[in-house]
Structures are given as structure tokens and as C-alpha cells.
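So in this note's numbering, the last one in the sequence shown is 740, and the numbering has no gaps at all.
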Amino acid sequence: MDLRFGDGKPTDEERAAVDALLGPPESSWEGADRSDADLRWARGGRKARDRRDQLLPSLHALNDRVGWISEGALDYVCRRLTVPPAEAYGVATFYAMFSVRPRPATVLHVCTDLACTAAGASELCAAVEARLGPESGVKVERSPCLGLCERAPATLTIRAGQSARPAFEDEAVQAESGGPGAVAPGDGTGKGRRGRDTHHATAVCAPATPDAAVRAATAPEAAPTESAPEAAVPQSGDPTLTLLHRIGTVDPASLDDYRAHGGYTALRRAFDLGPAAVIREVTDAGLVGRGGAAFPTGRKWQATAAQPDHPHYLVCNADESEPGTFKDRVLMEGDPYALVEAMTIAAYATGAHQGHLYLRGEYPRALARLTHAIEQARTRGLLGDDVLGQGYAFDIEIRRGAGAYICGEETALFNSIEGRRGEPRSKPPFPVEKGLFGKPTVENNVETLVNVLPILTMGAEAYAAIGTPTSTGPKLFCVSGTVARPGVYELPFGATLGELLALAGVRDNLRAILLGGAAGGFVRPDELDIPLTFEGTREAGTTLGSGVVMAFDDTVPLPRLLLRIAEFFRDESCGQCVPCRVGTVRQEEALHRIVDRTGADAASDITLLREVGRAMRDASICGLGQTAWNAVESAIDRLGAYE
């Protein structure tokens with residue numbers, strides 16, 4: 098049965114939110130008043146269908162303006178874009194940040210994931226819920242990781258229907274962008290729309306106390322200013338850093354300051370070398386993907402560049418939703434122009450003229466700063482029809498995610514951009530052949546792209562000399578949990594886990610370390626000599642993943658932590674394939690039973706967990722299901738979690 102257009106009508110506010118993004122409807126077929134011409138022929142159908150990729154931004158526009166998506170509003174979007182209502186409903190209900198049921202305009206997201214759980218998120222959430230009842234006009238939602246692990250516990254307040262205080266806060270940004278409210282990131286397109294039309298306010302509170310969280314929820318426009326990005330970089334100011342050296346030194350709002358500190362040197366060299374030579378440099382440097390898969394970046398670029406089908410697309414995956422990961426957020430907030438420059442180089446090398454930056458919906462400050470950086474680069478001739486006067490055209494569009502961990506998988510991300518449910522696609526064909534909009538596409542995450550800059554400025558040979566022969570270059574690590582100095586650390590590949598934790602100030606009563614986030618694995622305190630390389634962690638029976646390192650002392654209840662991991666994967670499974678859809682539920686059920694009883698009673702459930710874990714690993718369509726059992730398995734085998 099298909100859902101069909103209902104009797105619901107959009108309110109004037111809902112119609113205005115959609116029309117502000119898509120423009121006024123051209124005919125009654127798209128939702129305008131009926132005219133005599135509309136009775137003779139249908140107009141705009143094919144043109145509207147070609148804009149299906151505007152479905153997610155349209156849902157954001159409604160959510161930002163109204164706070165939820167009504168039946169009438171969804172029907173109006175469907176008419177504007179000629180999208181079947183059943184498909185649009187499937188998209189609207191896929192993302193955690195949207196609601197198709199009425200809810201208050203203010204939503205307080207309280208992170209209950211791993212780092213925040215270890216820092217007392219359960220107590221924080223209970224206290225906030227007790228003080229913000231139904232009469233408060235605030236909806237409290239327990240949220241997966243907000244990417245603020247170095248400041249746990251954390252909350253994010255989103256208030257719809259109000260023009261927002263600029264998320265970037267810095268006076269320098271306000272001055273350069275024309276004052277408060279000049280940049281409007283609310284439409285999610287990143288195309289530099291002007292005017293005070295954001296229509297939602299956001300407030301981050303981290304580390305959060307019940308009093309601070311309640312204040313931020315009831316008056317987000319008066320919430321305290323977020324700490325600067327360099328506060329998340331304990332090594333800030335160290336001139337020997339390669340990827341983080343500008344954070345805390347350069348004004349993230351100023352393009353001139355960025356260029357004064359070496360910005361756009363790499364792009365100029367790329368134009369001097371030419372596309373083929375740029376790819377050769379990246380290949381010779383040994384750069385591999387920093388998102389966890391560790392696929393050689395040069396091979397991916399070369400495969401895309403060689404495709405005869407055009408156009409080619411570049412996609413930056415900035416949807417870091419792995420619990421414990423926040424390095425890309427720090428890079429985007431503290432050095433946004435570096436990402437813009439790196440995307441331009443990657444596009445030039447692979448023959449792409451359009452880039453999409455898919456950004457987590459929970460990163461309001463990163464959104465504002467990147468929107469500003471893209472607009473400034475476009476104004477100064479560093480994006481657009483003639484980049485740096487070289488006759489090369491390239492531009493970047495920002496697309497906001499809306500709370501779906503699975504969209505970190507590249508093909509799920511493509512579906513999300515295209516206006517479909519963020520479900521992974523079967524491979525082959527691979528994205529280098531048929532990716533975004535069915536065209537050759539290169540996809541890299543933020544850290545991978547930013548590594549291209551030092552490769553071109555110092556040369557492939559010098560870059561490859563950093564790290565080990567098989568894991569070259571520097572690596573960013575997200576350290577959180579029970580350590581004295583949580584944050585993003587930059588170390589060369591090959592440094593040991595013990596050396597990293599010594600920098601972060603690990604405590605004496607260390608019980609376990611989780612590498613790779615929820616999809617990673619635990620190691621024991623006596624395994625700190627593990628080298629932090631892809632091959633070193635593999636040999637040790639664990640994974641490096643995206644660089645998550647979470648330390649837990651003996652005050653953290655490990656069984657409850659494992660249960661939270663299971664709940665996370667159950668919630669985030671897209672449900673497309675049976676092994677993951679059913680397996681994640683069975684895994685959570687078994688862990689619930691184990692938490693409630695111990696000893697011999699748990700033996701049968703542990704056996705069941707192993708069987709379910711093997712089925713998910715062998716038969717799931719994507720990495721979510723394939724890795725959902727990893728952390729639980731390692732806790733049982735290495736830590737004796739349920740002995």
C-alpha cells in the first residue's frame with residue numbers, strides 16, 4: 098500500500114519555509130493556485146523530479162522553522178518535488194533529528210553515549226527531565242554521541258522558529274561576514290544566502306550540569322559561549338604539528354590570516370603540477386583513508402579520474418558519528434579554509450567541478466564557519482567559475498545530515514544527498530564508477546583531505562618519511578574517557594598506545610581502553626605497547642578505526658557500557674538487511690539478560706551472542722552490521738567482562 102496525498106494543508110509558515118528554499122511554485126502541479134493553463138497541460142514535473150536532492154534540505158527548512166514536519170507540510174514538499182508521499186515519509190522518519198509528530202519548538206538533546214555515560218550522563222538526564230516537565234515547553238531527548246566527547250557530558254539545544262544567534266560567536270567572523278546574522282546556514286545548501294533567515298537557535302552546553310543544561314534549553318540565545326576549538330587540542334601552539342598547527346594560531350574566520358600562514362600554497366602547487374602529477378604525489382606519499390577502511394587515497398583518485406563518464410563528483414564525508422570521534426569537528430571549527438582548499442585540490446585532480454560537503458546535523462558551529470569560509474573563498478576567486486585565474490571551475494555545496502550513523506557509509510551518504518533513505522547500496526558497482534547521481538565519485542573524510550595539503554607543500558617523499566613504511570604520515574587521535582587531558586592529539590603513525598595515553602594523563606586505576614569507537618574493540622591495560630598503526634592494531638587483534646581512544650577506569654560499569662553499545666547499534670541499524678536488523682535486537686536482548694543476572698545463567702546468552710555476532714559479521718550488507726559485535730566480543734574474550 099502506498100501513502101497518498103492526504104487532506105492536510107500546509108500552514109503559511111510551513112509553506113514559507115519551503116518556498117524560501119525552493120522558490121515559489123510555478124504551477125498548481127507544484128502547489129500553486131490552479132489557473133486555466135494548468136487545466137490544459139502539466140508543467141514542471143520533470144524539472145521538479147530533477148530536484149529530488151532538495152528533499153533533505155526541505156525537511157531541514159521545515160524542522161528549523163516549525164520544529165516538526167506535519168502531514169500537510171510533507172504533502173506540500175512532495176508536490177513541489179514530485180516525490181511519492183510514501184518515499185518522502187520514509188525519508189522524514191529515517192533521521193533522528195526530525196519528527197513527524199507534534200513536539201515543542203525547543204528540543205534538548207542529552208548525549209548518553211560512551212564518553213558521556215562514563216561522565217554521568219544518566220544522572221544528568223534524570224535531573225534535567227525532572228526539571229523540564231511538559232509545561233516547560235522543552236522536549237528532552239536522549240541522544241547518541243554529539244561529537245563533544247572531550248567535554249563530556251554534553252547537551253545540544255535546538256529551538257525552532259527563531260532567528261539564531263550566530264553559532265560562530267567570534268567578533269572577527271561577525272565583522273568579516275557583515276555582522277551578527279549575516280550568514281544564514283539554516284537552509285543547509287551552503288550557497289551563501291543572505292539575511293537573518295536561519296529560523297532556529299542552537300546552544301551547546303559541555304561539560305553540562307543540570308543547571309547549565311536547563312538554562313541553555315530555556316534561553317538558548319543567552320547560553321554561554323562555547324569554548325574555542327583550540328581548547329580541544331592539548332598540543333595547541335606546538336609548531337611541529339602538521340595537521341593541527343594552525344588551530345589556536347590562525348583566526349578561523351579570516352581568509353587573509355589563513356593565507357599568511359601558508360594557506361593556498363598547496364593549491365598553487367597543484368595547478369603547477371597538473372592533475373596526474375597531483376595524484377602521483379598522493380600515491381607516492383602512501384596516504385590511506387583516515388575513516389577506518391584505510392583504502393589508498395591515490396588509487397581511489399586515479400580510478401575516479403580515469404572514468405570516461407561525466408560529470409565527476411567530489412564528496413567530503415564530514416558525518417563523523419562514531420561514538421568517541423570528534424577530530425573532524427575540531428578541524429572544521431578551527432581551520433575551515435584548510436578543508437575548502439583540500440577539497441578544491443581533490444576535485445582538480447579527479448576532474449570534478451562540483452563538491453558536496455555532507456556535515457553532521459549536530460555541528461552548528463562547524464556549519465556556520467564552513468558556510469562563511471566557502472562564501473569568502475567564492476568572493477575572493479578561490480571557488481567558482483575561474484579558481485585562482487586558472488580556468489578551472491569548482492564550487493562546494495554543504496548538505497546537513499539529520500542524525501543517522503549509517504550515513505557515514507559512503508553509499509548511504511549518496512542516497513541521503515539524493516533525497517532517499519540513507520541505506521547502503523550493494524557493491525559493485527563501486528562509487529568510482531557509479532556514485533552520487535550515478536556518476537563517478539570520489540569520497541574522502543575531512544582528515545584524509547586535510548592530509549593532502551602537507552603532501553603537496555613538503556613533497557611526497559618527506560611526508561612518507563613520517564610514520565612507518567606501511568602507515569605513513571601523521572594521525573589524529575580522539576582521546577576521551579577517564580583521562581586528565583581529553584582532546585585531539587596528533588602523533589606520527591607508529592607511536593604506541595601507552596605514549597598517547599601518557600600525553601593525555603591516564604589514571605592509575607585504568608581498567609580498559611576502547612580503540613575505534615563502538616565499532617572497535619577493547620584492549621587491556623597491560624597492552625599499552627600496541628603500535629598505533631593499521632597493521633599493528635590488526636596484529637594485536639583489534640582495530641585502529643578512525644582514531645578513537647577511550648579510556649575507562651574501574652569506576653565505570655563495563656556491562657552497562659556494553660549494553661549502551663548494543664542499544665546504539667540497534668537504534669542506528671537502517672533495517673535494510675535481516676542479519677543486522679534482527680541481530681542487533683537479539684544482541685541487545687541478550688545483554689539485557691546478562692546485566693540482570695551473572696555466572697552460569699549468562700553462559701547460554703554468551704553462546705547466543707557469539708552465534709548472532711558471527712551471522713552479522715558474515716552476512717550484513719555494510720560495515721555497521723559487520724562490526725556491531727566487535728566491542729562486545731573483545732570485552733568477553735580480552736577483559737572477561739561477564740566472568
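Cβ coordinates follow ideal geometry from the N, Cα and C atoms, glycine included.
- Going by DSSP, I662 is part of the alpha helix (DSSP H) stretching over L655 to E669.
- According to the DSSP assignment, M429 belongs to no beta strand (DSSP E) but to the alpha helix (DSSP H) extending over K424 to G431.
- Taking all protein chains shown into account, E520 has 16 or more neighbouring C-beta atoms within 10 Å of its C-beta and is therefore buried.
- Spanning the alpha carbons of N541 and L597 requires a straight line of approximately 26 Å.
- Per the DSSP secondary-structure output, P566 pairs with nothing in a beta bridge.
- Relative to V197, the option among V235, P231 and L156 whose CA is nearest is L156.
- For I514, there is no enclosing beta strand (DSSP E); the enclosing alpha helix (DSSP H) covers residues E507 to I514.
- Closest in alpha carbon position to E558, among E378, K524 and G578, is E378.
- At the C-beta level, P566 and L588 stay beyond 9 Å of one another.
- DSSP places G633 within a helical segment (H, G or I) once states are collapsed to three.
- Just so you know, the alpha carbons of Q332 and G617 end up roughly 25 Å apart.
- Considering only K106, E123, L629 and G613, the residue with the shortest C-alpha distance to G389 is G613.
- Boundaries of the alpha helix (DSSP H) harbouring C222: A218 to R228, taken from the DSSP string.
- In the structure shown, C208 falls within a strand segment according to DSSP collapsed to helix, strand and coil.
- In the three-state scheme derived from DSSP, where H, G and I count as helix and E and B as strand, A374 is classed as helix.
- Inter-residue distance for P199 and T179 is about 25 Å (C-alpha atoms, whole angstroms).
- In summary, E419 is buried, with 16 or more beta-carbon neighbours lying within 10 Å of its beta-carbon over all protein chains present.
- Ranked by how close their Cα comes to the Cα of E430, the residues P326, Q487, C677 and T401 have P326 in first place.
- The continuous alpha helix (DSSP H) containing N160 extends over residues L152 to V163.
- With respect to the 9 Å criterion, T214 and T254 are not classified as neighbours on the basis of their beta carbons.
- Closest option to A400, judged by alpha-carbon separation, among A470, F191 and A373: A373.
- The residue from V580, Y455 and R604 with its alpha-carbon nearest to that of V543 is Y455.
- Inter-segment contact for the stretch 625-645 and the stretch 396-412 is absent: fewer than three beta-carbon pairs are separated by less than 8 Å.
- Under DSSP, C575 takes part in a beta bridge, and its partners are V585 and V645.
- Inclusion of G164 and P201 in the CB contact set at 9 Å is warranted, their separation being smaller than that value.
- F665 and E459 have their C-alpha atoms some 17 Å from each other.
- Counting every other CB atom within 10 Å of its CB across the protein chains shown gives P526 a total below 16, marking it as exposed.
- When the alpha-carbon of G505 is set against those of I493, D425 and L171, the nearest one is in D425.
- For V580, the three-state secondary structure derived from DSSP is strand.
- Per DSSP, the continuous alpha helix (DSSP H) segment holding I691 begins and ends at V675 to D693.
- Listed in chain order, the non-local C-beta contacts of F590 below 6 Å within the same chain comprise G564, T565, S568, K572 and T630, local neighbours out to five positions each way being set aside.
- Residues of the same chain with a CB within less than 7 Å of the CB of A592, apart from the 5 flanking positions on each side, are L629 in chain order.
- Proximity to S731 across A716, M713, G722 and R707 peaks at R707, based on C-alpha coordinates.
- Residue pairing by DSSP puts Y455 in a beta bridge opposite N414 and R496.
- The beta carbons of V330 and V427 sit about 6 Å from each other, so the pair counts as a contact at 8 Å.
- Taken through DSSP and simplified to helix, strand or coil, A616 comes out as helix.
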